[in-house]
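Student: If you scroll down you'll find the structure; I have some questions about it.
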Amino acid sequence: MGNDYYEILGISRDADANEIKKAYRKLALQYHPDKNSGDTNAEEKFKQISEAYEVLKDPEKRRRYDRFGKSGIKGGFEGFGGFEFDLNDALRTFMSEGFGFGDFSDFFGGASRTRSQKTRTRGQDIQIRIKLTLEEIAEGVNKKIKMKRLVRCETCDGKGLKKGSSPTTCPMCHGSGEMRQVSRTIFGQFVNVTTCSQCGGEGKIITERCSSCDGEGRVRADAVLSFNVPAGVATGNYLSLTGEGHVGPRGGPAGNAIVIIEEAEHPHFERHGDDILFDLYLSFSQVALGDTVEVPTLKGKAKLTIPAGTQSGKILRMRGKGIRHLNEHSAGDQLVRVMVWTPTKLNEKEKDLFSQLATFENMKPPKGDKSFFKKVKEALFE
0 MGNDYYEILG ISRDADANEI KKAYRKLALQ YHPDKNSGDT NAEEKFKQIS EAYEVLKDPE
60 KRRRYDRFGK SGIKGGFEGF GGFEFDLNDA LRTFMSEGFG FGDFSDFFGG ASRTRSQKTR
120 TRGQDIQIRI KLTLEEIAEG VNKKIKMKRL VRCETCDGKG LKKGSSPTTC PMCHGSGEMR
180 QVSRTIFGQF VNVTTCSQCG GEGKIITERC SSCDGEGRVR ADAVLSFNVP AGVATGNYLS
240 LTGEGHVGPR GGPAGNAIVI IEEAEHPHFE RHGDDILFDL YLSFSQVALG DTVEVPTLKG
300 KAKLTIPAGT QSGKILRMRG KGIRHLNEHS AGDQLVRVMV WTPTKLNEKE KDLFSQLATF
360 ENMKPPKGDK SFFKKVKEAL FE
């Protein structure tokens with residue numbers, strides 16, 4: 000199997016939802032771990048098939064995948080890493096589609112199941128919210144965050160056992176970690192498999208617990224999380240850091256750290272997608288005669304030429320001075336909205352000069368002059 004989701008399912012890129020589901024069902028039944036006990040290659044293919052189906056069956060995920068590839072669906076939005084699909088995820092997908100309820104003897108070829116369903120409970124995810132400035136969002140940033148999380152107990156090496164003791168086999172599930180209920184109907188045989196409530200799916204019970212972790216196999220500790228945030232993120236985007244959450248009990252795998260992005264309000268710039276808007280106040284003489292001025296940008300100051308006769312509300316575009324596009328090297332623009340500053344206190348000499356200017360015909364606005372909003376629209380889409 001290749002790495003392309005369409006190739007994995009053996010379908011064309013314009014396949015409809017029904018074709019995607021049929022392809023998944025056929026391959027999932029073929030490579031299901033319970034039909035290929037001990038075959039690690041079949042298990043890996045089953046995970047790939049399920050991952051491909053999870054993306055392509057969802058119109059939004061499929062759209063992002065078609066545009067950006069796998070990077071488009073990692074961690075929930077384009078460019079974030081941490082997209083990981085394990086066997087438990089694959090089995091959940093299989094069962095959620097109703098494929099796990101059929102003729103039990105047909106599915107397993109009439110043979111009894113020998114594969115152990117013992118599970119180790121995955122640790123919980125940790126949700127973290129961080130605020131980023133527009134300057135950080137524009138170019139990307141490395142962040143370090145102090146946090147508390149559950150880590151493996153060093154005293155018992157994460158087993159939860161008192162030194163020198165051993166766990167006992169669960170008397171309820173007899174070590175399988177699961178309970179089964181089989182029922183027959185006119186439609187065939189149905190099997191309901193649930194996690195053993197007494198051992199939590201581990202198949203073993205701890206009678207002599209580690210005093211440091213009280214049998215949990217994990218303790219709370221301080222940690223420092225370091226991660227890179229790519230340029231171009233926005234409020235609501237998140238980064239999933241695989242294995243950086245709480246570790247699971249008694250050797251269970253760690254959950255993820257989910258970093259949720261919030262954009263801090265900027266005192267000078269207003270964000271519009273990957274463009275930023277800045278209001279530049281100029282004097283009447285500067286816009287009438289033209290000028291070259293320095294304006295602030297997210298990367299420092301830059302020079303901007305003001306053409307003679309620039310009207311108040313005119314938007315000038317500074318190419319590439321905005322926020323870098325997610326997963327791309329190019330960036331948005333900085334839009335500079337020219338605002339004519341009107342003096343509020345004039346002395347007698349200044350009043351006289353303005354009075355003289357007002358007598359000139361060129362100082363009067365023409366009739367039927369375009370509205371401010373029309374000028375803004377033209378400037379934005381010119």
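Quick note on numbering that gives the first Met the number 0: the sequence shown kicks off at 0 and runs consecutively. Using N, Cα and C, we set each Cβ at its ideal position, and we do this for glycine too.
Taking C-alpha atoms, which residue in T132, T168, V335 and Y237 lies nearest to A263?
Tutor: Answer by Cα proximity: T132.
Student: Quick check: the Cα distance between R249 and M171, rounded to an integer number of angstroms?
Tutor: One C-alpha to the other measures close to 19 Å.
Student: Using three-state DSSP, classify G393 as helix, strand or coil.
Tutor: No statement about residue 393 is possible, as the shown extent of the chain runs from 0 to 381 and does not include it.
Student: Going along the chain, which unbroken runs of the beta strand (DSSP E) with 3 or more residues stay wholly within the segment 193-256?
Tutor: Whole beta strand (DSSP E) segments, 3+ residues: 217-228 and 237-240.
Student: On the three-state DSSP scale, how would you describe T39?
Tutor: Residue state, collapsed to three classes: helix.
Student: Which residue from Y52, R119 and E243 puts its Cα closest to that of E6?
Tutor: Of Y52, R119 and E243, the residue nearest in Cα terms is Y52.
Student: Taking the beta carbon of P342 as the centre, do at least 16 other beta carbons fall within 10 Å, making it buried, or is it exposed?
Tutor: P342 is exposed by the Cβ-count criterion.
Student: Cβ-heavy atom distance between T309 and the ligand MN below 7 Å?
Tutor: Inclusion of the ligand MN in the displayed structure is not the case, the ligand content being empty and no account of it being possible.
Student: For N17, which three-state DSSP category applies?
Tutor: In this structure, N17 counts as helix in the three-state DSSP scheme.
Student: Using a 10 Å radius around the Cβ and a threshold of 16 neighbouring Cβ atoms, would you call R217 buried or exposed?
Tutor: Classification of R217: buried, given that the 10 Å Cβ count is 16 or more.
Student: Report yes if the CB atom of G176 is closer than 8 Å to the CB atom of G202, and no otherwise.
Tutor: Yes. Within cutoff.
Student: In this structure, what does DSSP give as the bridge partners for L149?
Tutor: R219, per the DSSP bridge assignment.
Student: Are G321 and I275 close, meaning C-beta to C-beta below 8 Å?
Tutor: Result yes, Cβ atoms of G321 and I275 sit closer than 8 Å.
Student: Could you check whether the Cβ of G321 sits closer than 8 Å to any Cβ belonging to chain D?
Tutor: Structure shown: chain D not included; a single protein chain is present.
Student: Do I48 and Y30 count as a contact pair if the criterion is CB distance below 8 Å?
Tutor: In this structure, I48 lies closer than 8 Å to Y30 by Cβ.
Student: Just the C-alpha distance for I314 and T358, rounded to the nearest angstrom, thanks.
Tutor: Each residue's alpha carbon lies about 29 Å from the other.
Student: Could you tell me which residues DSSP puts in a beta bridge with N191?
Tutor: Per DSSP, Q180.
Student: Expressed to the nearest angstrom, what Euclidean distance is found between the alpha-carbon atoms of E207 and K162?
Tutor: Each residue's Cα considered, the two are about 9 Å apart.
Student: Identify, in the order they occur along the chain, each residue of the same chain with its Cβ nearer than 7 Å to the Cβ of Q123, setting aside the five sequence neighbours on each side.
Tutor: Result list for Q123: G244, H245 and G254, in chain order.
Student: So, is R114 buried or exposed, given that buried needs 16 or more other C-beta atoms within 10 angstroms?
Tutor: Low confidence applies to R114: its pLDDT is 40, below 50, so where it sits in the model is not reliable, and the reading given next is rough at best. The residue is exposed, with fewer than 16 neighbouring Cβ atoms inside 10 Å.
Student: At a cut of 8 Å, does the segment 283-292 reach the segment 218-238 through at least three beta carbon pairs?
Tutor: No, the segment 283-292 does not touch the segment 218-238.
Student: Let me confirm a value: G251 is counted as buried when at least 16 other C-beta atoms fall within 10 Å, else exposed. Which label applies?
Tutor: By the 10 Å Cβ count, G251 comes out buried.
Student: My assumption, with CB atoms under 8 Å, is that G319 sits in contact with T120. Please give the rounded CB distance.
Tutor: Actually they are not in contact, since the Cβ atoms of G319 and T120 sit about 50 Å apart, beyond 8 Å.
Student: Only counting the same chain, and skipping five residues up and downstream in sequence, which positions put a Cβ closer than 7 Å to that of I205?
Tutor: If we look at I205 and ignore the five residues flanking it on each side, its Cβ neighbours are G159, L160, P166 and G214.
Student: Check each candidate in A220, L26 and R179 and name the one with the smallest Cα separation from G200.
Tutor: Per the Cα distances, R179.
Student: Can you have a look at L8 and say buried or exposed, based on whether 16 or more other CB atoms are within 10 angstroms of its CB?
Tutor: By the 10 Å Cβ count, L8 comes out buried.
Student: Which of the three DSSP states is assigned to E53 in this structure?
Tutor: Here E53 sits in helix by DSSP.
Student: Where F189 and K46 are concerned, what is the direct C-alpha to C-alpha distance, given to the nearest angstrom?
Tutor: Answer to the nearest angstrom: the Cα atoms are 24 Å apart.
Student: Under DSSP, the beta strand (DSSP E) around L279 begins and ends at which residues?
Tutor: Its beta strand (DSSP E) spans residues D274 to L281.
Student: Terminal residues of the continuous beta strand (DSSP E) containing I127?
Tutor: First-last of the beta strand (DSSP E) with I127: I125 to L131.
Student: Hey, how far is the Cα of A22 from the Cα of R62?
Tutor: About 19 Å.
Student: Could you check how far apart the C-beta atoms of C198 and T154 are, in whole angstroms? I think they sit under 8 Å.
Tutor: That pair is no contact at about 22 Å.
Student: In this structure, does DSSP put N2 in helix, strand or coil?
Tutor: Looking at N2 - three-state DSSP - the assignment turns out to be coil, as it is neither helix nor strand.
Student: Run through DSSP, which three-state label would E135 get?
Tutor: Reduced to three states, the DSSP call for E135 is helix.
Student: Starting from the Cα of L28, find the closest Cα among F93, L86, I10 and E50 and give me that residue.
Tutor: Comparing Cα positions, the closest option is F93.
Student: Quick check: L55 and Y4, are their CB atoms within less than 8 Å of each other?
Tutor: Yes, they are a contact pair.
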